[in-house]
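Worksheet: one structure, shown below.
Residue numbers (the working numbering): 88 to 427.
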C-alpha cells in the first residue's frame, strides 16, 4: 500500500509536491497537469465571523464536443471545509451565484443523474486518475460545485474555489472512473463521552467490485472525530484485511490512501468500518451536515465504473445484522436523502 495526500496547502505560492508510482498513477505532481483545460469558479462569497453554510453553483463547461477528464486541480480558500465536484445530468439551468443548498444531496441522488466525481478537503488539490482512466463529459456538460464553508476567525472572510479540469486524448482512455460514498448515519455521542461506531457494509449483488480496481480511499468525520478505519472482507465474519487506518487521523485534512497493487472486494463481501469520536462538549451530538454535528463516511475511487453510488449500513432496522442500502437501485433510497 502506498500513502499519499490529495492536496498541498497553499501558503504563499503553489509548489509541486507528490509522488508518481510505477503503475502510472500520478497524485499531486504539479508539473504533470496536461491537456486542454476547462475552468470553473465558485464565489467569492463574504462569510461573516462564525458563520457556516453550504452553497452551490451550477454551470456549463465550454467544451463543444465530449471530453475525457483525466485530471483535476481544485483550489479552495482557507474558510472552506470541503468542495464536491458533480457531473450533473439532471439540472439544465445555470446558477452562477452561490445559493444555499443541501449538503451531499448530489451524492445521495437516487436517480444517478448527479454523480460526485471528486471531493476536496484540502486547500490545494491536484488529482490525476490512473493511466487510461477518466470521466466522460458531454459537450457543454453541466457541472455542480457544492461548497461547505465555515469562518472560524473574528473577521469577515472570503470563501472561493476554482476547479480546473484537464482533458486527455480519448485514444489513451480505456475505462471510466467511479466513486463509492459509504458509511453510516447511526451516530449518537453523549456529552463528554467517547464513542465508537463499528459496522459492516455488505455490498449488494448489483454492485460487484470483485473485478474492480480500487485505487484510493479517504475517510471523513467532523471535529469530534479521532479516527476512521476501513477493512475489506468476504463477509462480516472476516477475515478482515485492513486498507485504511491513518494514525493520527486529522479530521480537517484527512489522509487519502492509494494502493499499488490496487484493491478489490470479494464477491458478496463488503467493508468493515469504524469511526471514533471524543465529545468534549456538554451537548449530545448526532449525525448531521454541520461541523457541530458528526459524520462517519469514507469514499472509494475505483474503475471500471458501475456508476457513482452511495451505500450505507444501519442497525436501526433489519434485526441483528442491520440493513444495507446502495443508491441508486434500492426502493428505500429516498429515506437516506431525507436524513439531510
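We put the beta carbon where it would ideally sit given N, CA and C, even for glycine.
Start-to-end residues for the beta strand (DSSP E) that takes in residue i
i	result
residue 161	154–163
residue 55	Past the edges of the chain, shown from 88 to 427, lies residue 55, and the structure says nothing about it.
residue 285	281–289
residue 365	357–365
residue 304	300–307
residue 235	229–237
residue 211	211–215
residue 368	Taken as a continuous stretch (DSSP letters only), residue 368 belongs to no beta strand (DSSP E), as it is neither H nor E.
residue 203	201–207
For residue j and residue i, believed in contact at Cβ under 8 Å, the rounded distance
i	j	result
residue 350	residue 319	6 Å
residue 235	residue 206	At roughly 10 Å, the Cβ-Cβ gap does not stay under 8 Å, so residue 235 and residue 206 are not in contact.
residue 373	residue 274	6 Å
residue 386	residue 266	6 Å
residue 188	residue 139	With a Cβ gap of about 14 Å, residue 188 and residue 139 do not count as contacting.
residue 307	residue 384	4 Å
residue 186	residue 376	About 16 Å separates the two Cβ atoms, so there is no contact after all.
Nearest-angstrom Cα separation, counted from residue j out to residue i
i	j	result
residue 346	residue 242	42 Å
residue 143	residue 171	9 Å
residue 115	residue 409	For residue 115, the predicted structure reports a pLDDT of 37, less than 50, and the residue's modelled location is therefore unreliable. A value from the coordinates is still provided. Their Cα atoms are separated by approximately 39 Å.
residue 248	residue 287	35 Å
residue 304	residue 136	33 Å
residue 291	residue 240	45 Å
residue 281	residue 208	25 Å
residue 364	residue 149	44 Å
residue 238	residue 325	43 Å
residue 434	residue 296	This structure leaves residue 434 out entirely; the chain is present only between 88 and 427.
residue 183	residue 362	36 Å
residue 395	residue 122	25 Å
residue 203	residue 175	9 Å
residue 369	residue 278	5 Å
residue 131	residue 382	27 Å
residue 250	residue 379	27 Å
residue 213	residue 161	6 Å
residue 404	residue 330	28 Å
residue 352	residue 323	13 Å
residue 283	residue 421	27 Å
residue 298	residue 158	24 Å
residue 55	residue 252	No answer is possible for residue 55: it lies beyond the span of the chain, which begins at 88 and ends at 427.
residue 173	residue 407	36 Å
Residues of its chain near residue i, where Cβ-Cβ distance is below 7 Å and the 5 sequence neighbours each way are ignored
i	result
residue 155	221, 223, 254, 255, 257 and 260
residue 181	145, 146 and 147
residue 327	318, 320 and 359
residue 163	170, 207, 210 and 248
residue 264	216, 220, 221, 222, 388, 390 and 392
residue 310	338 and 378
residue 419	412
residue 354	295 and 297
Reduced DSSP secondary structure (H/G/I, E/B, other) of residue i
i	result
residue 312	strand
residue 398	strand
residue 221	strand
residue 406	helix
residue 258	helix
residue 329	strand
residue 143	strand
residue 416	coil
residue 167	strand
residue 265	strand
residue 345	strand
residue 119	helix
residue 421	helix
residue 191	coil
residue 390	strand
residue 270	strand
residue 377	coil
residue 336	coil
residue 294	coil
residue 109	The predicted model places residue 109 with a pLDDT of 30, which falls under 50 and marks its position as unreliable, so this point remains unresolved.
residue 320	strand
residue 350	strand
residue 172	strand
residue 250	strand
residue 411	strand
residue 184	strand
Proximal residues to residue i (C-beta, below 6 Å), its chain only, five neighbours per side dropped
i	result
residue 96	Because residue 96 sits at a pLDDT of 24, beneath the cut-off of 50, its placement in the model cannot be relied upon, and the following sentence gives the value as read from the coordinates. For residue 96, where only same-chain residues beyond five positions count, the Cβ hits under 6 Å are 210.
residue 333	342
residue 312	338 and 364
residue 400	271, 286, 288, 409 and 411
Sequence-distant residues of the same chain with beta carbon closer than 8 Å to residue i, five excluded per side
i	result
residue 151	226 and 227
residue 178	145, 201, 229 and 231
residue 109	At residue 109 the pLDDT is 30, less than 50, meaning the model places this residue with poor confidence; the figure from the coordinates comes in the next sentence. If we look at residue 109 and ignore the five residues flanking it on each side, its Cβ neighbours are 347.
residue 371	275, 276, 277 and 278
residue 245	130, 131, 132, 133, 134, 164 and 166
residue 417	291
Minimum Cβ-Cβ distance from residue i to chain D less than 8 Å
i	result
residue 361	Among the chains of the structure shown, chain D does not appear; only one protein chain is present.
Any non-hydrogen atom of the ligand MN closer than 7 Å to residue i Cβ
i	result
residue 315	With respect to small molecules bound, the structure shown includes none, and the ligand MN cannot be examined in it.
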